[in-house]
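Engineer: Got a structure for you, written out below as structure tokens; questions coming shortly.
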Amino acid sequence: MSPKDANWPGRFFCVTGLLLLSHSAYSTYERTTRTDLAYLKAVDRSETGLPLDIIIECLVSVLFFMVGVTLVAGDLKEILMETEMSKQTIDKLDARPSFITFNHRGRKGARALKTLTKRNL
Amino acid sequence: MNPAAPPQNIAQDALKYTPANLQHNAQVMLFARSSVAAVTGAAAGVLGLTGKDGFVFYGITWLVMSFVLWSLKTRFRPDLYFKNGAREIWTEGVFGGLLSFILFHTFLYGMVHLYQ
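Line order of the protein sequences matches chains A and B.
Residue 92 in this note's numbering sits at position 92 of the first sequence; the count goes up by one each step and never skips.
Residues are numbered in this note's numbering as their position in the second sequence, beginning at 1, plus a constant of 1000.
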């Protein structure tokens, strides 16, 4: 979780969420064991009436984890072939294992692009 | 992108979309979805939600998670990243997530509420 890591906010959110969740789980467990179980079972209130702070802690932990895991999951890539192709160079597209093409259309294309952009300026 | 349009054949799709990026996006979504399903299941177990309440909780967290993905991950433009656009964000993988939700719910509910 060093600051050099690009994903550190996401990791921070994830870890905080998990810690909060385990703390609320432990609190719930402690509460149900410490209180008089026999009495609660007798009046049939053993499952209901979780204190509000535990509930809030639990929900906040889920929210933290959601945001964290969304940040950690990595960026989506655009799926349109058009945008993918516009990132490629002519050398990448024209590459073949055996021969190198020196006289390809890339030079003409680059020159045309330069004139076009100049004209549009 | 129009859902009413007739289904395009696969060859046309291969020219229009980048298959590697489609797969990458699906993987990212699956990772986020399944980890969140596990954690929400654990939370539901801690809260002691059984029966209908648990399913309602799952539905609500699903909507919240979809909103988070829609806003943070796709920056409100899901049609740039998915073939089906927003539908893929809001509906894809509901039942797969539900299974891991139930698994973790059972685990945590048993740990916290049942076995003292």
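Every residue gets a Cβ at the ideal spot worked out from N, C-alpha and C, and that includes glycine.
State the DSSP-derived secondary structure class of residue 179(A), mapped to helix, strand or coil.
Structural biologist: Nothing about residue 179(A) can be reported from this structure: the residues present for chain A run from 1 to 121 only.
Engineer: For residue 1105(B) and residue 1059(B), what's the separation of their Cα atoms in angstroms?
Structural biologist: Answer to the nearest angstrom: the Cα atoms are 14 angstroms apart.
Engineer: For residue 1046(B), is the classification buried or exposed, using 16 other Cβ atoms within 10 angstroms of its Cβ as the cut-off for buried?
Structural biologist: Counting Cβ neighbours within 10 Å, residue 1046(B) comes out buried, since at least 16 surround it.
Engineer: Name, please, each residue of chain E whose Cβ falls closer than 9 angstroms to the Cβ of residue 1016(B).
Structural biologist: Among the protein chains in the structure shown, which are A and B, there is no chain E.
Engineer: Identify whether residue 1(A) lies in helix, strand or coil by the three-state DSSP scheme.
Structural biologist: In this predicted model, residue 1(A) has a pLDDT of only 49, less than 50, meaning its place in the structure is not dependable enough to derive any value.
Engineer: Let me know if residue 1065(B) comes out buried or exposed under the rule of 16 or more other beta-carbons within 10 Å of its beta-carbon.
Structural biologist: Counting Cβ neighbours within 10 Å, residue 1065(B) comes out buried, since at least 16 surround it.
Engineer: Strictly below 8 angstroms CB to CB, what residues from chain A border residue 1069(B)?
Structural biologist: Those within 8 angstroms of residue 1069(B) in chain A are 70.
Engineer: Work out the CA separation of residue 1031(B) and residue 14(A) for me, nearest whole Å.
Structural biologist: C-alpha separation (whole angstroms): 14 angstroms.
Engineer: Does residue 1081(B) get closer than 8 angstroms to chain A when you measure Cβ to Cβ?
Structural biologist: It does: the Cβ of residue 1081(B) has a partner Cβ on chain A nearer than 8 angstroms.
Engineer: Any beta carbon from chain A within less than 8 angstroms of residue 1035(B)'s own beta carbon?
Structural biologist: Chain A contact via Cβ: present.
Engineer: Kindly indicate which residue of 84(A), 29(A), 5(A) has the alpha-carbon position closest to the one of residue 1019(B).
Structural biologist: Measuring from the Cα of residue 1019(B), the nearest candidate turns out to be 84(A).
Engineer: Tell me the rounded alpha-carbon separation between residue 16(A) and residue 25(A).
Structural biologist: So the alpha carbons of these two residues sit roughly 14 angstroms apart.
Engineer: Counting only C-beta atoms, is residue 1113(B) closer than 8 angstroms to chain A at any point?
Structural biologist: Interface residue, yes.
Engineer: Can you name the residues of chain B whose CB is closer than 7 angstroms to the CB of residue 24(A)?
Structural biologist: Correct list: 1046.
Engineer: What residues from chain B crowd round residue 61(A), counting only those whose CB sits closer than 7 angstroms?
Structural biologist: Within 7 angstroms Cβ-Cβ: 1043.
Engineer: On the three-state DSSP scale, how would you describe residue 1058(B)?
Structural biologist: Residue state, collapsed to three classes: helix.
Engineer: Taking the alpha-carbon positions, what's the residue 1(A) to residue 1043(B) distance?
Structural biologist: Below a pLDDT of 50, predicted positions are generally treated as unreliable, and residue 1(A), at 49, falls in that range; no measurement from the model is reported.
Engineer: Against chain A, with Cβ distances strictly below 8 angstroms, would residue 1055(B) count as a contact?
Structural biologist: It does not: the Cβ of residue 1055(B) has no partner Cβ on chain A nearer than 8 angstroms.
Engineer: Looking at C-beta atoms only, is the number of pairs between the segment 75-84 of chain A and the segment 1077-1087 of chain B that lie closer than 8 angstroms three or more?
Structural biologist: Short answer: they touch.
Engineer: Rounded to the nearest angstrom, what separates residue 1056(B) and residue 1037(B) at their Cα positions?
Structural biologist: Spanning the two alpha carbons is a distance of roughly 14 angstroms.
Engineer: How should residue 1075(B) be labelled, buried or exposed, when 16 other C-beta atoms within 10 angstroms of its C-beta is the threshold for buried?
Structural biologist: Residue 1075(B) is exposed by the Cβ-count criterion.
Engineer: Looking at the C-beta of residue 65(A), does it have a partner C-beta in chain B at a distance below 8 angstroms?
Structural biologist: Output row for residue 65(A): interface = yes.
Engineer: If we define contact as Cβ-Cβ less than 8 angstroms, is residue 73(A) a contact residue for chain B?
Structural biologist: Chain B contact via Cβ: present.
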